[in-house]
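Protein chains in written order, with the working numbering: chain A, 4 to 297; chain B, 14 to 273.
Where a beta carbon is used, it is the ideal one built from N, C-alpha and C, also for glycine.
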Amino acid sequence: MSSITQARLLGLAATMTLGTLTPNWDSYTAIVFALGISHYILSYTYAGSRLRNLAGRRRLWLPSATVLLIGLTIAITPVQGGLYAKLLIYFGLHHVINEGYSSGRSVDALNASGLRGWRIALHSGTYLACTCNDWTLLWVDRSLIWLLLAVVALGFSIALARRSVALRLGQLVDESWFDFGSVLLGVATLNGWLYVDYLDVVLYHFLFWALYPFANLARRDEFQPMRLVAMNAALTTAALLFSALGPFGLTVNLLFTSVFYALSYLHITTSFILSSTNPMWLRRFFEPVQVQRA
Amino acid sequence: MTPLRLAQLASLLWVGALIGVARIAGGGDPEPALAQIETPLDARPVTVGAGETALGNLVADAVAEAARQKDPAVDLALVNASLLGYDRITARAGVLRPGGVSSTTVRELVAYDDRIRIVEMSGETMMSILKRALSRFPAPWGGFLHPSTELRVRATVAERSILPLSWAPLPPCQLQSMLVSGRAVDPSARYRIAVSSFMTRRSSPFREIAGVESTDGGSVREALSGYLTRRQLLRPHVDGRIRINPAAASTRDEREAVQG
Numbered sequence: 004m005s006s007i008t009q010a011r012l013l014g015l016a017a018t019m020t021l022g023t024l025t026p027n028w029d030s031y032t033a034i035v036f037a038l039g040i041s042h043y044i045l046s047y048t049y050a051g052s053r054l055r056n057l058a059g060r061r062r063l064w065l066p067s068a069t070v071l072l073i074g075l076t077i078a079i080t081p082v083q084g085g086l087y088a089k090l091l092i093y094f095g096l097h098h099v100i101n102e103g104y105s106s107g108r109s110v111d112a113l114n115a116s117g118l119r120g121w122r123i124a125l126h127s128g129t130y131l132a133c134t135c136n137d138w139t140l141l142w143v144d145r146s147l148i149w150l151l152l153a154v155v156a157l158g159f160s161i162a163l164a165r166r167s168v169a170l171r172l173g174q175l176v177d178e179s180w181f182d183f184g185s186v187l188l189g190v191a192t193l194n195g196w197l198y199v200d201y202l203d204v205v206l207y208h209f210l211f212w213a214l215y216p217f218a219n220l221a222r223r224d225e226f227q228p229m230r231l232v233a234m235n236a237a238l239t240t241a242a243l244l245f246s247a248l249g250p251f252g253l254t255v256n257l258l259f260t261s262v263f264y265a266l267s268y269l270h271i272t273t274s275f276i277l278s279s280t281n282p283m284w285l286r287r288f289f290e291p292v293q294v295q296r297a
Numbered sequence: 014m015t016p017l018r019l020a021q022l023a024s025l026l027w028v029g030a031l032i033g034v035a036r037i038a039g040g041g042d043p044e045p046a047l048a049q050i051e052t053p054l055d056a057r058p059v060t061v062g063a064g065e066t067a068l069g070n071l072v073a074d075a076v077a078e079a080a081r082q083k084d085p086a087v088d089l090a091l092v093n094a095s096l097l098g099y100d101r102i103t104a105r106a107g108v109l110r111p112g113g114v115s116s117t118t119v120r121e122l123v124a125y126d127d128r129i130r131i132v133e134m135s136g137e138t139m140m141s142i143l144k145r146a147l148s149r150f151p152a153p154w155g156g157f158l159h160p161s162t163e164l165r166v167r168a169t170v171a172e173r174s175i176l177p178l179s180w181a182p183l184p185p186c187q188l189q190s191m192l193v194s195g196r197a198v199d200p201s202a203r204y205r206i207a208v209s210s211f212m213t214r215r216s217s218p219f220r221e222i223a224g225v226e227s228t229d230g231g232s233v234r235e236a237l238s239g240y241l242t243r244r245q246l247l248r249p250h251v252d253g254r255i256r257i258n259p260a261a262a263s264t265r266d267e268r269e270a271v272q273g
């Protein structure tokens with residue numbers, strides 16, 4: 004079983020456990036937001052070398068500032084539904100790009116751009132299906148989502164089948180179970196068999212990224228994964244103190260929520276500059292030397 | 014056990030600890046119930062955004078009662094659907110089962126801490142707002158309005174095409190009748206209506222009342238809590254306040270009203 008499959012299975016199990024056993028919405032929001040704040044801070048901690056690389060290249064300052072300005076414009080542009088509605092879409096973009104570019108990285112046959120494109124389309128369709136019960140997306144016609152889901156599932160299946168000759172069966176299952184599983188989740192949500200909330204997807208994202216770096220970190224130093232767990236736990240605990248579950252209760256909840264939203268926009272925007280799970284043209288643009296070496 | 018496996022195990026233990034914290038700090042001691050409800054409250058956006066519901070009626074009545082405590086001349090209340098059931102109900106199915114309703118449940122049923130605003134508007138403006146609220150039927154949307162018990166509306170809305178790629182403009186909603194406390198709405202008369210503060214914002218779909226002069230009627234959540242506490246035992250139900258395309262919908266409405 005690959006490290007990404009392990010991270011996904013554990014992430015899904017943890018998401019379902021938290022979602023089922025957390026006693027009420029206030030507590031659930033507090034935990035998701037606290038894990039999110041920790042995720043955002045850690046992303047900068049582990050992007051230190053990329054930040055230094057960026058700071059040392061003056062010609063990258065202007066494009067970086069442009070990306071940040073676009074993010075700021077998205078954050079401050081007033082729309083119906085406010086910060087929440089915009090974040091649902093903006094996070095969706097971040098999530099599907101992450102899903103598209105974190106899978107199949109170690110298998111040459113799965114690195115083809117066509118398959119990546121279909122995988123991103125597939126996760127866009129399933130994200131839309133899983134969040135279609137939210138007010139923000141309630142206006143989207145269900146039949147349109149069904150149609151989209153069918154097209155992207157078919158397109159992805161064909162693109163995968165064309166590359167399957169270069170893969171062992173185990174590899175094929177390992178690299179595609181999550182994609183087809185998310186289609187099933189989308190179908191179950193659209194049919195009303197399951198009630199998936201937008202925050203469930205967000206929680207899965209935070210938990211997956213708390214687990215996914217373990218294999219890479221362990222290659223550098225076998226105790227690095229434990230260090231990551233310890234830092235995540237410390238930061239989440241610190242954030243929880245200012246949540247509805249902390250000693251101040253709901254009195255500082257507005258501040259806690261505002262910090263979460265502000266960091267969310269900052270994290271997603273800067274991920275286009277700093278993350279390695281981005282399209283190659285974007286990575287090449289912000290990190291020319293490393294990508295060429297790779 | 015390798016350090017990698019140890020880290021995975023520690024992560025799962027950490028998730029378990031988070032659940033423990035949530036159960037102790039967030040839900041360890043069951044909150045006292047404000048009241049008991051005898052009927053389920055469906056808070057799913059697909060339901061509260063597409064027609065009259067028991068939850069919409071309950072909150073609208075609570076808002077009207079709270080507003081009248083500040084201004085006895087209030088005629089009725091209108092509550093936008095997006096204020097209701099935005100968050101999941103504790104049951105995680107979007108439907109609150111019959112039983113005790115605590116202040117935490119009230120926070121879940123009324124998703125935003127909106128204020129009640131009392132605005133004065135003409136009968137014509139009220140009709141215009143109602144037409145827009147009902148125009149998307151049967152598609153759910155956040156601008157669907159739930160009225161308090163004083164209002165009775167009968168409307169006709171052309172059935173939407175099933176084809177998703179139809180860009181033709183929707184025919185407007187036709188109001189067949191609109192009664193406030195049993196009397197037909199006079200387009201030129203003035204009415205005092207309690208609405209949620211969202212509805213008076215410029216970003217709301219109800220431009221007619223955006224930024225108009227209004228008085229504060231307290232918090233919607235507090236209004237609902239007070240309404241529940243004063244009654245103790247409630248049986249919220251659908252009673253035919255809004256009937257859209259009555260020929261097609263009346264059977265279902267009547268059945269729900271009887272069952273409710």
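Span of the beta strand (DSSP E), counted from its first residue to its last, around residue i
i: residue 50/B; result: 48 to 50
i: residue 159/B; result: 158 to 160
i: residue 193/B; result: 187 to 193
i: residue 193/A; result: Segment 172 to 194 is the alpha helix (DSSP H) holding residue 193/A; no beta strand (DSSP E) there.
i: residue 204/B; result: 203 to 209
i: residue 93/B; result: 89 to 93
Cβ-based burial, residue i [other Cβ within 10 Å; buried from 16]
i: residue 104/B; result: With a pLDDT of 45 at residue 104/B, under the threshold of 50, the modelled position of that residue is not reliable, and no figure is offered here.
i: residue 194/A; result: exposed
i: residue 58/B; result: buried
i: residue 276/B; result: The question about residue 276/B has no answer, for chain B in this structure spans 14 to 273.
i: residue 219/A; result: exposed
i: residue 195/B; result: exposed
i: residue 206/B; result: buried
i: residue 102/A; result: buried
i: residue 168/A; result: exposed
i: residue 166/A; result: buried
i: residue 254/A; result: exposed
i: residue 134/A; result: buried
i: residue 121/A; result: buried
i: residue 25/A; result: buried
i: residue 247/A; result: buried
i: residue 151/B; result: exposed
i: residue 289/A; result: buried
i: residue 265/B; result: Low local confidence applies: a pLDDT of 49 at residue 265/B is under 50, so the model's placement there is unreliable, with the coordinate-based value given in what follows. It counts as exposed.
Beta-carbon neighbours of residue i, restricted to chain B and to distances below 9 Å
i: residue 243/A; result: 31, 34 and 38
i: residue 213/A; result: 24 and 27
i: residue 247/A; result: 38 and 39
Within chain A, the residues that residue i reaches when beta carbons sit closer than 7 Å
i: residue 62/B; result: 141
i: residue 23/B; result: 229 and 232
i: residue 153/B; result: 141
i: residue 146/B; result: Under the 7 Å cutoff, chain A gives no residues; its nearest Cβ is about 14 Å from residue 146/B.
i: residue 95/B; result: 138
Within chain A, the residues that residue i reaches when beta carbons sit closer than 9 Å
i: residue 107/B; result: 136 and 198
i: residue 209/B; result: Here the premise fails: no neighbours, minimum Cβ distance about 14 Å.
Closer than 8 Å at the beta carbon, the chain B residues around residue i
i: residue 29/A; result: 39, 117 and 120
i: residue 225/A; result: 15, 16 and 17
i: residue 17/A; result: 24, 25 and 28
i: residue 217/A; result: 17, 20 and 21
Residue i: contacting residues in chain B (beta-carbon distance under 7 Å)
i: residue 34/A; result: 31 and 35
i: residue 24/A; result: 32
i: residue 251/A; result: Per Cβ cutoff of 7 Å: no residues; residue 251/A is ~12 Å from chain B at best.
i: residue 236/A; result: 27
Where the alpha helix (DSSP H) containing residue i begins and where it ends
i: residue 213/A; result: 201 to 214
i: residue 283/A; result: 283 to 289
i: residue 104/A; result: 85 to 105
i: residue 165/A; result: 145 to 166
i: residue 18/B; result: 16 to 34
i: residue 79/A; result: 64 to 79
i: residue 264/A; result: 256 to 277
Per DSSP, the bridge partner or partners of residue i
i: residue 128/B; result: 232/B
i: residue 123/A; result: Bridge partners of residue 123/A: none, in fact.
i: residue 167/B; result: 190/B and 256/B
i: residue 54/B; result: 109/B
i: residue 197/B; result: 192/B
Chain A contact residues for residue i, given Cβ-Cβ distances below 8 Å
i: residue 91/B; result: Going along chain A, no residue has its Cβ under 8 Å from residue 91/B, so there is no contact; the nearest lies around 18 Å.
i: residue 59/B; result: 136 and 141
i: residue 216/B; result: 81, 82, 83 and 85
Let me know the alpha helix (DSSP H) ranges lying completely inside the region 4 to 54 of chain A, each 4 residues or longer, listed in chain order.
-> 6 to 24 and 28 to 48
Go through the region 131 to 157 of chain B residue by residue and report every complete run of the alpha helix (DSSP H) that reaches 4 residues or more, in order.
-> 136 to 147
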